[in-house]
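Numbering (UniProt numbering), first residue to last: 1 to 342.
What follows is the structure, encoded as structure tokens:
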């Protein structure tokens with residue numbers, strides 16, 4: 001078996017174990033927290049017989065191990081059960097809300113990557129100057145500020161104090177009635193041939209995109225800057241400049257291209273975190289995505305929906321990083337050499 005296949009199989013095994021570990025941890029936590037989902041779903045005036053029947057219908061009267069095994073078997077089959085609070089199929093609830101979450105996550109990802117790339121290039125080119133200090137300050141702010149705090153801050157400033165951008169109106173202004181075909185509001189407004197609604201959808205994306213993407217921007221900015229500095233000091237870059245190639249051309253044509261490999265790994269982690277970590281940002285903006293749905297489910301002790309969400313998020317996060325890890329090993333065989341040496 002080749003080194004690449006061994007690396008891929010090892011990464012796959014670690015990914016599967018990570019998914020199972022996350023599912024077990026979440027399942028145990030949701031079962032040991034105070035409160036009774038049956039009482040929450042049926043109300044305080046439900047009779048003991050109704051409570052017992054609800055618990056039996058939903059398997060809550062079984063052992064924890066039996067509940068977990070049943071949950072995993074049904075999940076793999078695609079039978080995600082019903083919401084305790086609304087009675088609606090969990091699959092329908094999640095698939096209806098998922099496009100809004102993906103739209104927000106992709107917007108934040110594009111913002112983090114494009115802004116991070118531009119700022120890292122500028123910071124490295126103007127290293128140890130005032131521009132570099134400003135960019136480092138942006139990176140420190142992004143890494144240190146919690147996304148939900150940033151969400152509240154931008155809502156207060158740009159939606160309340162200086163009302164130039166929409167705040168908690170969802171994906172589009174209330175005066176627009178857009179048929180939901182894809183679930184992605186920017187696409188649906190284009191399909192509806194409504195330019196005003198499209199601009200409204202873009203405006204509604206600005207603040208949540210910034211709040212969700214600023215932390216990822218800080219992380220990517222640090223990774224890109226370190227990688228660019230390392231490559232820009234390589235012998236072939238210095239030699240090209242000594243032969244008359246301008247410093248800016250050496251940076252943009254050679255250093256930038258050759259410094260993107262670490263960024264590939266970091267970008268995969270960022271995208272997985274954005275898809276899984278938008279819960280509080282969506283709640284702050286009342287964004288009609290899966291994160292907002294999960295916040296409501298937690299408040300209603302609808303833990304079955306929470307378990308499904310965590311397992312989907314963990315699977316998405318792990319699979320994205322698995323693909324990035326395998327691609328990294330394929331692009332840079334030195335990883336396989338270092339593993340063989342160990």
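Just so it is clear, CB atoms sit at the ideal spot from N, CA and C, and this is done for glycine as well. None of the values given here were measured: they were computed from a predicted structure.
- With fewer than 16 other Cβ atoms from the protein chains shown falling within 10 Å of its own Cβ, residue 236 counts as exposed.
- In the structure shown, the three-state DSSP call for residue 198 is helix.
- If you draw a straight line from the Cα of residue 214 to the Cα of residue 157, it comes to about 16 Å.
- Here residue 155 is near residue 167, since their CB atoms are less than 8 Å apart.
- In its chain, beyond the 5 residues on either side, 36, 38, 39, 42 have a beta carbon closer than 8 Å to the beta carbon of residue 51.
- Burial check for residue 29: the Cβ neighbour count within 10 Å stays below 16, so the residue is exposed.
- Across the structure, residue 200 and residue 173 are spaced so that their CA atoms are roughly 6 Å apart.
- Around residue 68, the same chain offers 27 as residues with beta carbons nearer than 6 Å, after the five sequence neighbours per side are excluded.
- Here residue 203 has 165, 166 as same chain residues with Cβ atoms under 7 Å from its own Cβ, once five neighbours each way along the sequence are excluded.
- In this structure, the straight-line span from the alpha carbon of residue 122 to that of residue 113 is close to 14 Å.
- Counting of Cβ neighbours within 10 angstroms places residue 108 among the buried residues, the total reaching 16 or more.
- Annotation: the continuous alpha helix (DSSP H) that includes residue 149 extends over 147-155.
- Take residue 231, set aside five residues on each side of it, and the residues of its chain with a beta-carbon closer than 6 Å to its own are 255, 258, 259, in chain order.
- In summary, residue 330 is exposed, with fewer than 16 beta-carbon neighbours lying within 10 Å of its beta-carbon over all protein chains present.
- In the DSSP secondary-structure assignment, residue 82 is bridged to 89.
- For residue 126, the three-state secondary structure derived from DSSP is coil.
- In the three-state reduction of the DSSP assignment, residue 307 falls in the helix class.
- Look at residue 186 here: in three-state DSSP terms it is helix.
- The three-state secondary structure of residue 57, taken from DSSP, is helix.
- Secondary structure at residue 245: coil, using DSSP grouped into helix, strand and coil.
- Assignment of residue 171 by DSSP, reduced to helix, strand and coil, places it in the coil class.
- Annotated three-state conformation of residue 96 is helix, per DSSP.
- The DSSP assignment places no complete beta strand (DSSP E) segment of no fewer than 3 residues inside the segment 199-264.
- Taking 8 Å as the cut-off, the beta carbon of residue 12 is found no closer than this to the beta carbon of residue 311.
- Short of 7 Å from the beta carbon of residue 295, and not among the five residues preceding or following it, lie these beta carbons of its own chain, in chain order: 279, 283.
- Taking a C-beta distance under 8 Å as the contact criterion, residue 288 and residue 97 qualify as a contact pair.
- Under the three-pair Cβ rule at 8 Å, the segment 75-84 does not count as touching the segment 240-253.
- If you draw a straight line from the Cα of residue 33 to the Cα of residue 318, it is about 26 Å long.
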